[in-house]
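Sequential numbering from 876 applies to the sequence shown in our numbering.
Glycine included, every Cβ here is placed at the ideal spot set by N, Cα and C.
Because the structure is a prediction, the values reported are computed rather than measured.
Reviewing the structure listed below.
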Amino acid sequence: MKVVFLLVPQLHLLDLAGPAQVFSTARDFGLDYALHYVAEQDDVPSAQGVSFRRTGPLPALDAADLVVVPGWRSHGFPDNGRLSAAARAWLGAHHAAGGTCASVCSGADALGQAGLLDGRRCTTHHLLQDRLASRYPRAKVLKDVLFVIDDRVVTSAGIASGIDLALHLVATRHGPGLAAQIAREMVVYARRNGDEPQDSAMLRHRAHLSDVVHRVQDLIDARFTDRLPLRDLAFAAGVSERTLTRAFGDATGLTPLRYQQLLRLERAEHLIGHGATVEAAARAAGFEDARMLRRLRARP
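Next comes the structure, spelled out in structure tokens:
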């Protein structure tokens, strides 16, 4: 599976490095990701003074591949971010063929140039949101969110939010267990403010320093569809059930069972959002039947 970064002159280093680190770490954990860095010129200067050399021209893509456009230095989207007709057509064709196109910060403008924001929800850096809405009036620009996913068009607020976006994509494609491992490897435990589609229980409840609780969360993340009795979790952590319950509550505000339910609910919501029935989503997420899923979805 290819992850292709489309480099634009004056790109921001962290807009590129954050997502690239996530997918590179995913590869270290055994996923078959091939990272490519493409551009419309051989050398691409960054906003921070480091130059990049492209690994190749715009490649042929499969539907499973991901294109990411990092943001660039922009004050109202200057002309340095303009794509050629060929690049715009390449982005549009990839999405039309079933592929996913993502952007970080001002990279949303590249997706807009390709017509991918029309009729879709999107976001960008808070200083650019009004300009994006003005430039692409058919887009619905959401404010004060980390990232937005709408029909395989993924846009993020910028800078470090590209890491949140990439972790979410890994969790969606490969499950929360692996994404949690990558987050821990990158020392990314906390999730910042965002709307519900961006909210991840996997990371939202990782903002603590309890190694015992992290170990139990790793186990639940990897096997959230399984039945996991408290005694088994406590045994795996090397503590008593009472100690685990207390430590888990102190660190996360939840019981281990409630944490597992949130992971199942998120997985089910994702499947439902992609066309699965409630019954099918409940089974795939580990619920015995759809009744519990319906009760959890009805909670405020």
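Per-residue burial, G931 [other beta carbons within 10 Å of its own, 16 or more giving buried]: exposed
Kindly indicate which three-state DSSP category G1037 falls into: helix, strand or coil? helix
Hey, which unbroken runs of the alpha helix (DSSP H) at 4 residues or more fall wholly within the region 950-1030? 960-971, 983-988 and 1004-1010
Rounded separation between Q923 and H969 - CA only: 30 Å
C-beta atoms of A1156 and A1173 nearer than 9 Å: no
Classify P920 as helix, strand or coil using the three-state DSSP reduction. strand
For A1014, count neighbouring C-beta atoms within 10 Å of its own C-beta (all shown protein chains included) and say buried if the count is 16 or more, exposed if not. buried
Under 9 Å between the Cβ atoms of L882 and F898? no
Leaving out five residues before and five after A1151 in sequence, what residues of the same chain have Cβ atoms less than 6 Å from its Cβ? none
Relative to the C-alpha of G1052, which residue among L1084, R1170, H1001 and V1091 is closest? V1091
L1171: CB within 8 Å of a non-hydrogen atom of the ligand GTP: In the structure on display, the ligand GTP does not appear, and there are no ligands present to speak of.
What is the residue span of the alpha helix (DSSP H) that L888 lies within? L888 to D903
Where Q1004 and K1018 are concerned, what is the direct C-alpha to C-alpha distance, given to the nearest angstrom? 7 Å
The beta strand (DSSP E) with H911 in it runs from where to where? A909 to V913
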